[in-house]
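Novice: Below you will find the structure I want to go over with you.
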Amino acid sequence: MASKTSCFNKALVKSNLSRFWPLAAFYALIWFVSQPLYIRSHIENGLILGESLAEIQKEAAQGVMQLGFTEGAVLSFGFGGLIAMAVFSYLYSARNSTALHALPIRREEHFISHYLSGLIMLVIPNVVIFLATVIVEAAYGVLDFTSVLEWLAVVTLQNVFFFSFASLCAVVSGHLFALAVFYTVFNVLVVGLEFLVVSTLSMFIYGMGYDRPVMLDAFSPLYRFVLDSSYVDTPEGWRYAVLCAVAGLVFAAIALLLYRKRRVEAAGDVIAFRAIKPVFKYGVAFCAALFFGFVVYLVSFGDNRHAVWPFVACMIVMGSIGYFVAEALLRKSLRVFGRAWKGWICFVAVLVAIGVCLRTDAFGFEKYIPKLEDIDMAVVSDYSRPYMEGNSRSFLMNGSTFIALSEAEKEAVLKLHQSLIDRRGEYRDYDYTHEHYGDDAWHMSITYRMKNGSLVGRSYTFPTSEAILSDKDTPAALYDALMNNPETLPRLYFPEGIAEEHFRNGTVWAEGERTTLSQAQSFALYKAILKDLEAGRIGLKRLAEWKGGEYDVRIELEFNGYFPDWVGSPENEEPYRRTYFANFIVMPGSENTLEMLEGWGMVDRNNLSIIKPGQPLSADVYDELVPGFFEMAAG
2 MASKTSCFNK ALVKSNLSRF WPLAAFYALI WFVSQPLYIR SHIENGLILG
52 ESLAEIQKEA AQGVMQLGFT EGAVLSFGFG GLIAMAVFSY LYSARNSTAL
102 HALPIRREEH FISHYLSGLI MLVIPNVVIF LATVIVEAAY GVLDFTSVLE
152 WLAVVTLQNV FFFSFASLCA VVSGHLFALA VFYTVFNVLV VGLEFLVVST
202 LSMFIYGMGY DRPVMLDAFS PLYRFVLDSS YVDTPEGWRY AVLCAVAGLV
252 FAAIALLLYR KRRVEAAGDV IAFRAIKPVF KYGVAFCAAL FFGFVVYLVS
302 FGDNRHAVWP FVACMIVMGS IGYFVAEALL RKSLRVFGRA WKGWICFVAV
352 LVAIGVCLRT DAFGFEKYIP KLEDIDMAVV SDYSRPYMEG NSRSFLMNGS
402 TFIALSEAEK EAVLKLHQSL IDRRGEYRDY DYTHEHYGDD AWHMSITYRM
452 KNGSLVGRSY TFPTSEAILS DKDTPAALYD ALMNNPETLP RLYFPEGIAE
502 EHFRNGTVWA EGERTTLSQA QSFALYKAIL KDLEAGRIGL KRLAEWKGGE
552 YDVRIELEFN GYFPDWVGSP ENEEPYRRTY FANFIVMPGS ENTLEMLEGW
602 GMVDRNNLSI IKPGQPLSAD VYDELVPGFF EMAAG
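Heads up, my numbering is the position in the sequence shown plus 1, with the first residue counted as 1.
Have a look at this one:
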């Protein structure tokens with residue numbers, strides 16, 4: 002009779018399910034409260050408010066997908082780790098591990114059985130919640146089967162990634178607490194390191210702004226799913242969810258290969274594999290140097306751009322502590338210096354080399370300016386972070402972003418950039434010490450999209466005053482000429498070819514009163530504002546204080562559309578409609594705008610209040626404006 006090779010053991014699966022079913026039940030309970038019960042409450046509220054079933058169905062579908070992408074990631078992360086800790090807990094006891102592996106069961110059968118039992122404890126509750134949601138929506142006649150099925154799909158994909166990654170951490174580690182730490186840290190490690198590295202470089206390298214969009218968030222699914230709303234039920238979001246699941250299966254395969262080689266005696270060790278121990282030791286040392294050294298430096302010296310060597314000293318001290326603590330954990334002994342001093346010297350030498358690079362600008366970051374012929378597009382923005390073309394569908398176009406497309410405009414941006422570099426000795430510390438110029442800092446960024454598709458971004462802060470603006474070669478004067486040019490000012494707010502159909506309801510705040518505009522009124526006001534923009538009588542950037550002040554009148558126009566040339570979108574971007582907000586402060590010279598508003602009875606020019614420089618807005622106007630103003634668009 003031919004023998005069979007099994008990769009699945011029912012007894013192990015049943016044992017895990019009977020022992021750890023409370024975890025699956027608790028996971029299901031949280032989902033039951035946050036989805037079926039929430040959907041029922043939402044439907045009841047909609048019926049009380051008199052909403053139609055179609056409106057309720059649409060809102061419920063959106064809510065289900067929002068829960069799937071965001072809460073699904075959080076619960077998959079939490080329970081994926083907990084269930085992995087449960088089903089692989091036998092690995093961390095030498096007695097249990099030896100006894101279990103003494104059974105006539107192949108290593109592959111062990112791992113696959115435990116792995117599948119863990120996934121079952123996540124997937125079965127998903128199916129139960131899926132059916133419960135279908136029943137609730139069908140009972141009220143608002144069933145959107147597609148959205149609920151998509152919820153099941155995205156949550157299951159997230160389950161696969163997080164549980165597989167936790168399983169890999171379980172195999173690599175030899176201690177239950179180490180598994181919890183590794184799993185948690187590695188889920189946010191890349192984003193955290195990016196933040197620390199950028200924050201560190203921004204202190205010592207001129208032009209490197211700390212307020213930059215996260216570029217490596219793809220390596221932290223928890224961060225991206227929870228914090229990036231543009232991935233909720235979009236093609237990008239679904240592609241990313243599928244890629245995460247594929248990555249999870251790869252992690253599971255790697256875990257299986259390692260499981261076959263894992264020593265039973267590794268139970269109780271921090272790291273179960275000898276080859277990975279140096280990676281752990283130096284990884285802990287560098288992370289300790291960067292994080293704790295950064296904290297100690299800020300507390301002791303402040304964010305002084307010139308104090309490179311004190312910062313290196315802080316990194317050496319804190320990194321050395323991390324190095325020897327990691328060595329002690331690996332050796333299970335405090336007697337580590339005699340054996341580890343050679344590696345410690347190499348570690349310190351690397352930190353000193355990093356300090357030399359920071360002090361000398363070894364890679365030429367501060368002085369680099371792209372060549373004109375290599376630039377596809379140049380962007381100058383009020384925002385202190387470079388324009389990195391994020392996925393946001395909502396853009397605030399309040400004259401803060403200038404996109405240079407012509408050769409002459411690109412040359413003007415390069416001239417501004419060169420002027421800032423020429424004054425780096427004077428402006429280097431301007432972010433932190435304003436005593437010489439007073440409190441008149443202006444933050445801005447320059448971003449180049451190169452013809453090869455790469456992006457080059459810089460962030461600067463420079464002083465502005467009437468005296469500085471009078472010198473046409475200063476960065477303030479060059480920036481003023483670029484952003485407040487009446488010939489290009491209209492396109493800082495509106496694209497060409499915009500029509501009435503693109504507009505939605507606008508808003509006017511005048512003397513504390515809020516008025517909502519119709520689509521026709523919004524388009525008519527747009528045409529009036531456009532005339533004032535072309536005359537340079539509205540929408541100007543306040544680099545210096547306006548002598549005449551401003552009116553307590555604010556305008557926000559909202560419009561939708563796809564304008565890739567206007568916002569500088571890549572040619573291969575998938576077209577979809579975006580929402581834009583154009584915000585204006587009415588000035589005494591805004592004749593066409595004031596005439597339009599006065600004709601509608603919204604303002605009386607003879608009785609309008611003038612806001613003097615530095616005078617706050619009326620409280621109710623400010624409360625209305627803040628949410629719109631901080632819905633940043635262009636990164």
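We treat Cβ as the ideally placed atom computed from N, Cα and C, and that holds for glycine.
Measuring straight from C-alpha to C-alpha, what distance separates isoleucine 404 and tyrosine 563?
Specialist: By one-based count along the sequence shown, residue 404 stands at place 403. By one-based count along the sequence shown, residue 563 stands at place 562. If you take the alpha carbons of isoleucine 404 and tyrosine 563, they lie about 16 Å apart.
Novice: Which of helix, strand or coil does DSSP assign to leucine 30?
Specialist: In the sequence shown, residue 30 corresponds to position 29, counting from 1. Reduced to three states, the DSSP call for leucine 30 is helix.
Novice: In the DSSP assignment, find the alpha helix (DSSP H) that holds tryptophan 443 and state where it starts and stops.
Specialist: The sequence position of residue 443 within the sequence shown is 442, counting from 1. Tryptophan 443 -> not in any alpha helix (DSSP H); beta strand (DSSP E) instead, spanning 442-451.
Novice: Please state if the CB of phenylalanine 21 and the CB of isoleucine 84 are separated by a distance shorter than 9 Å.
Specialist: Translated into the one-based positions of the sequence shown, residue 84 becomes position 83. Translated into the one-based positions of the sequence shown, residue 21 becomes position 20. Yes.
Novice: Could you say if the stretch 153-168 and the stretch 177-194 meet the contact criterion of at least three C-beta pairs nearer than 8 Å?
Specialist: With the cut-off at 8 Å, the stretch 153-168 and the stretch 177-194 touch.
Novice: List the DSSP bridge partners of leucine 456.
Specialist: For the purposes of this step, residue 456 is taken as the residue at position 455 of the sequence shown. According to DSSP, which records beta bridges pairwise, leucine 456 is partnered with Arg450.
Novice: Whole-angstrom Cβ separation of tyrosine 552 and methionine 588, contact assumed at under 8 Å?
Specialist: As a first step, residue 552 is located in the sequence shown; it is residue number 551 there, counting from the start. As a first step, residue 588 is located in the sequence shown; it is residue number 587 there, counting from the start. Their Cβ separation, rounded to whole angstroms, is 7 Å, which keeps tyrosine 552 and methionine 588 in contact under 8 Å.
Novice: By Cβ distance below 6 Å, which residues in the same chain neighbour threonine 99 in space, the five residues on each side in sequence not counted?
Specialist: Position 98 of the sequence shown, counting from 1, holds the residue named residue 99. So the qualifying residues of the chain are Val265.
Novice: Grouping DSSP H, G and I as helix and E and B as strand, with all else coil, what is isoleucine 404?
Specialist: Here residue 404 refers to the residue found at position 403 of the sequence shown. Strand, per DSSP.
Novice: Mind reading off the beta-carbon distance from aspartate 377 to lysine 473? Whole number of angstroms is fine, and I expect it under 8 Å.
Specialist: Here residue 377 is taken as the residue at index 376 of the sequence shown, counted from 1. Here residue 473 is taken as the residue at index 472 of the sequence shown, counted from 1. Wrong, their Cβ atoms sit about 28 Å apart, outside the cutoff.
Novice: Taking 9 Å as the threshold (C-beta atoms), are alanine 379 and valine 414 in contact?
Specialist: Translated into positions along the sequence shown, residue 414 becomes position 413. Translated into positions along the sequence shown, residue 379 becomes position 378. In this structure, alanine 379 lies closer than 9 Å to valine 414 by Cβ.
Novice: Please report the Cβ distance between valine 645 and alanine 29, rounded to the nearest whole angstrom; I am assuming they are in contact, meaning their Cβ atoms lie under 8 Å.
Specialist: Any question about residue 645 goes unanswered here, given that the chain covers just 2 to 636.
Novice: Between methionine 316 and chain B, is there a C-beta pair that is closer than 9 Å?
Specialist: In the displayed structure, chain B is absent; only one protein chain is listed.
Novice: Report yes or no: do three or more beta-carbon pairs, one from the stretch 420-431 and one from the stretch 501-510, lie closer than 8 Å?
Specialist: Too few Cβ pairs lie closer than 8 Å, so no.
Novice: Does threonine 594 pass the burial test, meaning 16 or more other C-beta atoms within 10 Å, or should it be called exposed?
Specialist: Taking the first residue of the sequence shown as 1, we reach residue 594 at position 593. By the 10 Å Cβ count, threonine 594 comes out buried.
Novice: What number of angstroms, rounded off, separates the C-alpha of valine 271 from the C-alpha of lysine 278?
Specialist: Residue 271 sits at position 270 when you count from the first residue of the sequence shown. Residue 278 sits at position 277 when you count from the first residue of the sequence shown. About 9 Å.
Novice: Please report the straight-line C-alpha distance between methionine 204 and aspartate 383, rounded to a whole angstrom.
Specialist: Translated into positions along the sequence shown, residue 204 becomes position 203. Translated into positions along the sequence shown, residue 383 becomes position 382. Spanning the two alpha carbons is a distance of roughly 20 Å.
Novice: Could you check whether the Cβ of glycine 284 sits closer than 8 Å to any heavy atom belonging to the ligand NAP?
Specialist: Judged by which ligands are present, the structure shown has none, so any question about the ligand NAP falls away.
Novice: In the DSSP assignment, find the unbroken beta strand (DSSP E) run with glycine 562 in it and report its ends.
Specialist: Counting from 1 along the sequence shown, the entry for residue 562 is found at position 561. 554-562 is the span of the beta strand (DSSP E), which, as asked, contains glycine 562.
Novice: Name, in chain order, the residues that DSSP records as bridge partners for serine 174.
Specialist: The sequence position of residue 174 within the sequence shown is 173, counting from 1. Partner(s): Ile272.
Novice: Give me the residue from Met209, Ser466, Asp533 with the minimum Cα distance to methionine 445.
Specialist: Here residue 445 is taken as the residue at index 444 of the sequence shown, counted from 1. Comparing Cα positions, the closest option is Met209.
Novice: I need the straight-line Cα distance from glutamine 36 to valine 243, nearest angstrom please.
Specialist: Translated into the one-based positions of the sequence shown, residue 36 becomes position 35. Translated into the one-based positions of the sequence shown, residue 243 becomes position 242. Between glutamine 36 and valine 243, the C-alpha separation is close to 23 Å.
Novice: Which residues share a DSSP beta bridge with tyrosine 583?
Specialist: In the sequence shown, the residue the question calls residue 583 occupies position 582. This sequence places alanine at residue 583; tyrosine is not what is there. In the DSSP output, where bridge partners are listed per residue, alanine 583 has Leu558.
Novice: If you compare alpha carbons, which of Gln419, Ala341, Arg555 is closest to lysine 372?
Specialist: Taking the sequence shown and counting its residues from 1, one reaches residue 372 at position 371. Per the Cα distances, Gln419.
Novice: Let's test the definition: count the other Cβ atoms within 10 Å of the Cβ of alanine 87 and tell me whether it reaches 16, buried, or not, exposed.
Specialist: Taking the sequence shown and counting its residues from 1, the one referred to as residue 87 is at position 86. Per the 10 Å Cβ criterion, buried.
Novice: Quick check: the stretch 127-144 against the stretch 40-49, are at least 3 beta-carbon pairs closer than 8 Å?
Specialist: With the cut-off at 8 Å, the stretch 40-49 and the stretch 127-144 touch.
Novice: Starting from the Cα of leucine 518, find the closest Cα among Arg555, Ala482, Leu541 and give me that residue.
Specialist: By 1-based counting over the sequence shown, the position of residue 518 is 517. Selected option, being the one with the closest Cα: Arg555.
Novice: Here's a check: name, in chain order, each residue in its chain whose Cβ is nearer than 7 Å to the Cβ of glycine 238, leaving out the five neighbours to either side.
Specialist: On the sequence shown, position 237 is the one that residue 238 refers to. Taken in chain order, the residues that qualify are Phe70, Tyr232.
Novice: Secondary structure at valine 233, three-state DSSP: helix, strand or coil?
Specialist: The sequence position of residue 233 within the sequence shown is 232, counting from 1. Valine 233: coil per DSSP, three-state reduction.
Novice: Tell me, which residues are paired with serine 382 by DSSP?
Specialist: Sequence index remark: in the sequence shown, residue 382 carries index 381 (1-based). In DSSP, serine 382 forms a bridge with Thr402, Ser446.
Novice: Do you know how far the Cα of cysteine 315 is from the Cα of valine 349?
Specialist: Position 348 of the sequence shown holds residue 349. Position 314 of the sequence shown holds residue 315. Valine 349 and cysteine 315: Cα-Cα distance of roughly 11 Å.
Novice: Classify tyrosine 260 as helix, strand or coil using the three-state DSSP reduction.
Specialist: For this step, residue 260 is matched to residue 259 along the sequence shown. The answer is helix: DSSP assigns tyrosine 260 an H, G or I state.
Novice: What are the start and end residues of each continuous alpha helix (DSSP H) run of 4 or more residues lying completely inside the stretch 278-350, in chain order?
Specialist: Within the stretch 278-350, the complete alpha helix (DSSP H) runs of at least 4 residues are 278-302, 309-332.
Novice: Since leucine 197 contacts phenylalanine 338 with CB under 8 Å, what's their CB separation in whole angstroms?
Specialist: In the sequence shown, the residue the question calls residue 197 occupies position 196. In the sequence shown, the residue the question calls residue 338 occupies position 337. No, leucine 197 and phenylalanine 338 are not in contact; Cβ-Cβ is about 27 Å, not under 8 Å.
Novice: Terminal residues of the continuous beta strand (DSSP E) containing threonine 45?
Specialist: Numbered from 1 along the sequence shown, position 44 holds the residue referred to as residue 45. In the sequence on display, residue 45 carries glutamate and not threonine. Element bounds for glutamate 45: not the beta strand (DSSP E) but the alpha helix (DSSP H), 37-49.
Novice: Leaving out five residues on either side along the sequence, give the residues of the same chain with a beta carbon under 7 Å from the beta carbon of asparagine 97.
Specialist: Translated into positions along the sequence shown, residue 97 becomes position 96. If we look at asparagine 97 and ignore the five residues flanking it on each side, its Cβ neighbours are Tyr91.
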